[in-house]
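Presented below is the structure to which this report refers.
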Amino acid sequence: MSRFVPVPGAATLADNAALAVEIDGTAVLVCRSGDSFHAIANQCTHADEPLTCGRIRNGWIACPAHGARFDLASGEVYGPPATEALRTFPVRVTEGVVEVAVSVA
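Residue numbers are given in our numbering: position 4 of the sequence shown equals residue 4, and the series is strictly consecutive.
Next comes the structure, spelled out in structure tokens:
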């Protein structure tokens, strides 16, 4: 089961910017790329490094530690050294508020 949780401040993110939050004990990175918002696990699958300071461009993010690149929408790997996709979370914008859904037990 999952529920949508509002993420204060996310709606005002600049293009190619991110906001690290914790939702129900899960580290999430809310990213803006163009007019789209995405939510991904805030941890690189290659070296378990946080993606908070990662470079965002054209719908992907690069890990600041080793440069692994991931698609923001699907979590798929765009470039090595990572080989495993990132976890992604559903995002919606309701009345100007960005909300992220994280599965809860």
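We put the beta carbon where it would ideally sit given N, CA and C, even for glycine.
Note on geometry: alpha-carbon atoms of R87 and G75 lie some 6 Å from one another. Runs of the alpha helix (DSSP H) lying entirely within the stretch 39 to 67, each at least 4 residues long, are absent. Residue nearest to F89 within the set Y78, E49, D15, E22 is E22 (criterion: CA-CA distance). By the CB criterion at 8 Å, V28 and N42 fall inside the cutoff. Under DSSP, T26 shares a beta bridge with I23. Taken through DSSP and simplified to helix, strand or coil, T83 comes out as coil.
A direct Cα-Cα distance of roughly 6 Å separates C53 from P64.
When the beta-carbon positions are compared, A39 and G59 stay at least 8 Å from each other. One Cα belongs to R32, the other to I61, and the distance between them is close to 10 Å.
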